[in-house]
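Below: one structure, written as structure tokens.
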Amino acid sequence: MDFDWMKIPYALLTLFIVVNYGMLQNALIAKIGARVGRRRGIPIWQNYADLIKNYSIRSSITHGVMYYLGPVFRLSGGVGLLLFVPSLYGSEMFSNLSFAGDLILALYFIFFGTLGMALGAAESGHPYAAIGITRGLQQVSAAELPMALAVFSVALQYQTLSVTEIVAAQQGGFQNWTLFTNPLAVAAAMLSFLGSMMRPPFDVVLAPQEIPIGPPTEYHSSYLALMQTNRAIFPIAKIVIYMNLFFGGATIWPEFFLKVFLIYMVSVLVGVVHPRFRVEQSIRWFLVWAVPIGILSIVLV
Amino acid sequence: MVSPLVLIAAPLAGAFLLGLVRCPRAALAVTLATLGLAAAAAGWWVWQLGWAGAEAVEVFTAGTPPPFAIALRMGLPEAALTLVITLTGLLSALHMQDNLAETGHRAMAVLLVAVMAYCGIVLTRDLFNLFVFFELAAIATAGLILLSADARALGAGFKYLVVSQVISALLLIGIIFTYHATGTLYLDGIAAAAAKPALAFFLVFIAIAAELKPFPANGWALDVYESSHPAFSALISAAAGAASLYAADKLLTVGGPAWLPAATAIGIVTFVAGNLLALPQGNDRRLLGYSSVAQIGLVLAVAGQRDVLGEHYHFVAFGLLASHAVAKAGLFWLSGMVAERGLAAWAALRARPPLIFAFATFVAMLAGLPPFPGFYAKWELVRVLAAEGRLVLLGLILFGALLEAGYLFRWFGFALKREPSGEGLACAPSKGIPVLAAVLAAWGLAWQWGDASAQANLLLGLPLLFALAFVLLDWLPAWVKNTLAIAGLAAWFALTLGQYDPLRLIFAVIMLAGGAVTLLASYHAHGRRIGFYPSAMLMYAGLAQLILAADTFSFFAAWEILTVGSYFLILRGRHSEPHALSYIVFSLGGAFLILAGFAVAADGAASFAVADLATLAAPVAPWVFLMLAIGFMTKTASIGLHVWLPGAHAEAETDVSPMVSGILLKAGLFGLAVLLLAMGRQKLGGIDLTLAMLWIGAASALLGNLMAIFQEDAKRLLAYSSIGQMGYALFGLAMMNHLGWLMALMFVINHYIYKSMLFLAVGGVAKRTGTRDMYRMGGLINLMPLSFISVLVGIIAMSGVPPLSGFGGRWIFYNALLTAESRLPMILIFFSGPIAFLYLFRLIHTIFLGQLKDEHRRVKEAPFWLMVPQMIYVVLLIAFALVPGVALRQVDGHLGGLLPAGGLSWDGLTITSDFGYWNPVAIMVIVGIIFTTLFLWLVFVNRRAQKVKQFNIVFAAERPFRPETTHFAWNFFAPYRKALGFLVQPVATGFWNGISGGLHAGADFTRRLYTGNAQTYAVHLLVFVVAVHLFMTGM
Amino acid sequence: MRALLDSLKSLYPLDDIVLQRPDLAFATVPAAQVRGLLHHLKEREGFTHLVLLTAVDWLEDGMFQLTYLLHDRARARDLGLRTLIRRDRATMDGIHDLWPTAATYQRELKEMFGIDFPGSPGVDDPFVLEGWTDLPPYRRDFDTKDFSERNFNHREGRVTHDPAAHMKRHLYPDEA
Amino acid sequence: MAHIALATGFLLFLIGLYGALTNRNLLRMIVAFTVADAGINVVIVAVGHMRGRTAPILDGAVPAAEAASRIIDPVPQALVLTAIVIGVGITALMLAYAYKLYEARRSLDIGKFMELKW
Amino acid sequence: MRDELQKRVVKGPDGVEFEVEPLKDYYCEAPPAEHPPAYLKIVEDLFNWARSQSLWILGFGTGCGAIEMRPLMTPRFDAYRYGVQWRPTPRQSNLFIISGYLSVKTLKRVIRSYEQMQNPKYVVGLGSCTINGGMYWDSYNTIKRLDDYLPVDLYIAGCMPRPEALLAGFETLKHIIREGKAEGANLYARNFDWYKANQKKVIHDWDMPDYNW
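Chains as they are written, first to last, in our numbering: chain A, 1 to 301; chain B, 1 to 1035; chain R, 1 to 176; chain E, 1 to 118; chain X, 1 to 213.
This is the structure:
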């Protein structure tokens, strides 16, 4: 087998960059949210402190094997998702492990962590965890649909499922971005994006007052630390897919950071000014508003 | 040389002799001996005419030829019919010997006279002589009705006499005017006569037709059937029915083609109406009466089709008649053994498994299932009717047959599943022997018809014989039979391995090798497990023959065999009675559509290769396609036709569910694959039928999955999920492109593996926990870890999450979609994917995770033998995930020959399509490494974790009360119901319930026609005569 | 209000009628008449809301006084009914069938005063005091200070000041 | 002559049939059927009648050699004899039934024997 | 003891009857263990810094002090600036603020929640009631000395203390943590019997396992 072993350190480098960027970006976004509420908000390095704190917790409990493995699944899902998609276009160094599969792999791999996490949380035996999971699954099942339609529209548009080739087709100026060549697909995908970011109005999964933080209710110390690590990676990995599909990808890290940040901000901006949907409301919302746009994008492409 | 006159003379002599005998035993001996002699004579003639090559003879009673004397004819038909009559007489006499001995020699004499009269009706060639024999039969019948223990029989007998008075008057008038016009009473003479008197002959014809108890002029007959002694009812139904039919046949020969439409019309109306009216019957004998009426109507209708049936006429008519005679006589005799008259009272038969076998044989024979004569006859009939374009008649016949199958199988279900009550069974040898004889006759006729048919003799098929052998081996312990069964499947697979192309090989591997693996689970059963192996092996035999079937006949025969085998198998479940019934009704409905489709396609050809479907052209082709597709989609439970599946799969036994779900459903897909391969795209009325299938597949996927998420019962959940999965496969096939097919085949393999695995796992859990309601379970992961693993692997594979094999299916699926021509149906498919995730999570969560219940604290892992196949499946799934190429590469190549564009490239470990690429090994390795690294890191930082118990959860500073109130499981996806519950309104169920309810209500309304008043019945008869006359003159 | 009281007086033996405000009155009735009167007030006079049910310990008289405070939403008026029951083995008919919420008040009275309401749902379940074995604490013969000293560890060094003396010393330090 | 007989026969038959279908008493029905039978017999004989010929009895009056041209068709005569015999048999059987029914139910009303229906 | 905690006889699906003892079968019975600090001082210092910078308060208000905590989240006081935030589950919290008087009934819940938190964990007593009973010094239902029942790292005196006092208290607590002196969880494990004896003395219907994992 002619495997290029240098891919491994390169991939680890990507991982390192993204983890740190993700931690800082999360803090920044928390600060932005705080400023909306006229607070100063957390220090920019707060996430590091929290992470180290959680790893440093000395005791822990376990409810069973799946409970133990849940965060591992979760983080593997995040890391895998990041590495299955090339981070920078045109860079051999940061094309990661994308030789293993194309866009479909990435889209389905999103569920890997979700499933593992759901199983782990469910084994804790906590009803809130189960309630949170069902809410999450139900909401995501509806939110995924416009995304799937949009992805399909894009794949039809470029006649390929390879992320690299999709990005390649968008090079040569922003007018070539899918955002401008197929705005309907992007619109559908961005509505779906709102639903998958666990921010208002789609954050009933966590619902701190009602089912204290939902699925991870029982998770703590190093389990929680793994999940926090994932929180830094996973949204970015997801956004990278959006960026590559719809916003022309990135060729250098600053461009990467900027685009990821701006895409993330979409959900933040919507989130800070909206109350919360109930699950059935969000299902209906996606089916009534987002899905028709996705269908249009497929029909018109 | 035995003179045919023996058949008349011997009973007469016996009857006279009886006058001299006083001792009842001796009288009985004389009776039996006489009947035996007559039967022997008839048998001798059958042998002579059928095998020894003798010619038909005419016997002139007075030594001169007609018209100066009465002539009798003995040909093969006559010989066969007299054999039926005399044998039925003999066995019925045996069956009612106690009653006969009690009533004395006079009754026996009357019985002998009845038999003589029936023989006479068959043999005579003289019109007036026919009348005399009919009158003799009427008198004897009325006499025998008096034998019944039922006090109501008197009234019935009188009604019978009233009606036969009217009939005989009509007959007599008809005869005399016929004679007046033609100058002869010799039938052949009348036939040859130049001028036939239409009205007179009409009277003769209608009188004979009235003897056949046509609808609606048959109320009296039903009362007779209901109230007379069952052995005598057997005689009326089988012997008198056969004799009258033959009389009608003779008249039709005389009358010529002009009379055939009337016969057809009378017959088919009676057939449909008789079966319809049988639906609401609760009394077994009355039901048999309606069924007799219907069957005789069918044969009359066939007699009306003799112009088109030509040389096949006797094959078809006698096939149906023999099926009717043997089965109906057998059923009446069985009814004589059952003490009570309700249909559910037949549950008493369960005490004697051979009687259940007899019951099954008779029901299958009546319903025209292979390998019985009715099946061959039906095949020929439908083939000819389709070729001649008599589609309305064809449709009515199939509709009536479906109704008949409906009530027969419902009854059979009662017998197998209801609680036996009351007195039970009268089981004297004299009662058992006739039944046994009927069973032997049934199988003998099955052989005979197979032999005589232009098609292959089904009883020569090795798989079928192997399955039937298990009937004889049923006394062996289950594990021995199981070993035999597995060995048989494996041996057959090995034996036929060379005969499959890669496409068929996939199905063969699943159905045969896969079947053997599934059967491993059956080792867990103890005892003898009576009835399981014959049914299961019947199903496998059907599957084995289906894959190899080259022509439409063997394909259809295999289809019916697997249907009936799986029906028996499903019926074994504890609460499966209604579900098995809806399964068989839907399956037979689908099968009849397939039959009709094949017949239309064959256009009269005796043998039609399945592959020749490709040669059809419009306007026939789309209709054939439509019928076949709907037939196959019944089996794959596409939405709208799915209502049978959830109950049937869920209520089946633990090791049966994987067979009927993982394996049997593939038969439908196989049919669709064969169909689409041969016929490709068809357009009907401007609609592309494959496009319609695409929509149906998509809708099945969505709605199946959506319904699955709302189930509380684990097995029902899996069953609904099968609907969705089959929807995917249907969608793939209907895309009609290379990758779509590849995806469908991948689904075939995957669905077999994970659905079998899940059904076994869930079945094992249900076995241990004593419930199938998921919310009653919970927290079983530590007690049943292996089951958990198999469910876990199953759901990961099924949801398509990498790195397991389901992902491969999804990947191919997306690639296939990119080349698909229509884009809208895929929206439904896209939606159904995440929904599948919902119910899968529910499955694993509510069973294995969450809170363990009090009563399950000591539950053990599922039985060893249930786990063995599951573990094999786990290994298979992982292996298939790593190297899908092993199975798919060949198929891909094979498909390349059929649908060339858009194949995959199998370069090294990477699989590349026109659009994307995928490297299963790399995915597995990468995910494995990341997972292991993180896991080790967690173990390192978290090495001191304290294992806690199930109530050690944060509970808002309180503590949980009981596991039941802490386990969140019931109505798991309530918001979904709020948002999309309207989509899962049971519309299809309501629709089919409406149809069935409508039929029942209609039947219940129509049967009020039969008021029970003799005069009303006579008026019916007159109205019938007038109506038929108007019908004929109006034509 | 007065009209109401007059009409009630003709039906029930009302006593000690106090018209505290135009829309608030109190009256005393014998314990045996309470249920009937309450029923009448609820069904006929529009007092659909039970505001509270509470008790007063008249230790010296050997009586508990129960007060039922009712509210008439339509006419915005309140009526308090008082009744006296014997203090030893105090028992009273429950009114949880009239107002389900009353069950909670009755449970509280059982726990705090030891007044039993036979048949009231969950009346014996602990309300605030889990595992209480002593006298019901709202009875005036229950010495809470003594109980507290017996049961709880106290931190040393606690000082209590008489407020008057403390303020005096604080404000007029010279005079001390 | 033949036509009159024919008409009489049919009339008798219809009267009998009408009687059988409208009378509720079993015995009356049986009698009515006998009338109808008689009517049919008349019809048969009438059909066999040939003007100017004699009865088909081969005796001195009709020598065997001329029989073919002198006598009327013998077949209906034979038929009618058989029919009468059979008619008698059936009537006897019906009477027996009526007797047994009366024994069982103490009634001869046909409307009383309707427990078997539908 | 409540019915659902009593021993009960249940019948399994196979028809065999057996006993279920909820307190044993449904709850872990292991006693708490002491957890030593990290082997390397520098690592422990880093950890202590992180712990001090990341105080996750359990959202559990016991008395009137609960109302004083809310302003901390508002722009005026904004405790998030100091790495303080609130968590709804004890599993993820490391700071338990006993916000005011503590009745015996609540004490039971407090103990349960405290034990469900993970080592290291800190307890802050808020207001005079937690110190010596305060104005409830003679109440029949309020405990007088919190440190008899839980290891308290810090008291913030007052009736009630203002949010500013709380902020100051957090800073003090951070110092204590950074100095490595906030080992309340280990103290609790070490003196487990003593704490349990005190707790059981006032909680008369002890219907839970000795340590609530």
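C-beta: ideal position from N, C-alpha, C; glycine also.
Counting C-beta neighbours from all protein chains within 10 Å, is the total for residue i 16 or more, i.e. buried, or is it exposed?
i                      : result
residue 575 of chain B : exposed
residue 824 of chain B : exposed
residue 229 of chain A : buried
residue 170 of chain A : buried
residue 853 of chain B : buried
From residue i to residue j, what distance separates their C-alpha atoms?
i                      : j                      : result
residue 92 of chain A  : residue 276 of chain A : 43 Å
residue 35 of chain B  : residue 124 of chain B : 19 Å
residue 206 of chain R : residue 38 of chain R  : The shown model of chain R, from 1 to 176, leaves out residue 206 of chain R, and the question about it has no answer.
residue 881 of chain B : residue 787 of chain B : 20 Å
residue 480 of chain B : residue 536 of chain B : 15 Å
residue 468 of chain B : residue 338 of chain B : 26 Å
residue 205 of chain X : residue 49 of chain A  : 41 Å
residue 63 of chain E  : residue 72 of chain E  : 14 Å
residue 102 of chain E : residue 108 of chain E : 6 Å
Would you verify that the beta carbon of residue i is, or is not, closer than 8 Å to some beta carbon of chain R?
i                      : result
residue 156 of chain X : no
Examine chain X for any beta-carbon lying closer than 8 Å to the beta-carbon of residue i, and answer yes or no.
i                      : result
residue 63 of chain A  : no
residue 549 of chain B : no
Give a yes or no on whether 8 Å exceeds the smallest Cβ distance from residue i to chain B.
i                      : result
residue 79 of chain E  : yes
residue 203 of chain A : no
residue 171 of chain X : no
Please report whether the beta-carbon of residue i lies at a distance below 8 Å from any beta-carbon of chain E.
i                       : result
residue 1008 of chain B : yes
residue 154 of chain B  : yes
I'd like to know whether the C-beta of residue i is nearer than 8 Å to at least one C-beta of chain A.
i                      : result
residue 980 of chain B : yes
> Residue ranges of each beta strand (DSSP E) run of no fewer than 3 residues wholly in the segment 292-364 of chain B, ordered along the chain?
Replying inline: Entirely contained in the segment 292-364 of chain B, not one beta strand (DSSP E) run reaches 3 residues.
> Mind listing which residues of the segment 19-51 of chain X have their C-beta closer than 7 Å to chain B's C-betas, in chain order?
Replying inline: Answer set for the segment 19-51 of chain X: 20, 25, 26, 27, 28, 30.
> Hey, which unbroken runs of the alpha helix (DSSP H) at 4 residues or more fall wholly within the segment 111-166 of chain R?
Replying inline: Within the segment 111-166 of chain R, the runs of alpha helix (DSSP H) at least 4 residues long that lie entirely inside it are, in chain order, 144-151.
>> Along the segment 92-119 of chain X, where does the CB come closer than 9 Å to a CB of chain R? Name the residues.
In response: Of all residues in the segment 92-119 of chain X, 103, 104, 105, 108 have a Cβ within less than 9 Å of some Cβ in chain R.
> Counting only runs that start and end within the segment 65-101 of chain B, where is the alpha helix (DSSP H) found for 4 or more residues in a row?
Replying inline: Those alpha helix (DSSP H) runs which fall completely within the segment 65-101 of chain B and span 4+ residues are 76-95.
> Taking only runs of the beta strand (DSSP E) that begin and end inside the segment 9-87 of chain X, which ones reach a length of at least 3 residues, in chain order?
Replying inline: Whole beta strand (DSSP E) segments, 3+ residues: 17-20, 55-58, 84-87.
> At a Cβ cut of 8 Å, what residues of the segment 143-175 of chain A count as close to chain B, listed as they run along the chain?
Replying inline: Of all residues in the segment 143-175 of chain A, 144, 145, 148, 149, 152, 155, 156, 159, 160, 161, 162 have a Cβ within less than 8 Å of some Cβ in chain B.
> Using a Cβ cut-off of 9 Å, which residues of the segment 183-207 of chain X contact any Cβ in chain B, in chain order?
Replying inline: Here the close residues are 207.
>> As an exercise, report each continuous alpha helix (DSSP H) stretch of at least 4 residues that is fully enclosed by the segment 239-275 of chain A, in chain order.
In response: Fully enclosed alpha helix (DSSP H) runs of 4 or longer: 253-272.
> Listed in chain order, which residues of the segment 272-285 of chain A have Cβ atoms closer than 9 Å to some Cβ of chain B?
Replying inline: Close to chain B, meaning a Cβ-Cβ distance shorter than 9 Å, are the following residues of the segment 272-285 of chain A: 278, 279, 280, 281, 282, 283, 284.
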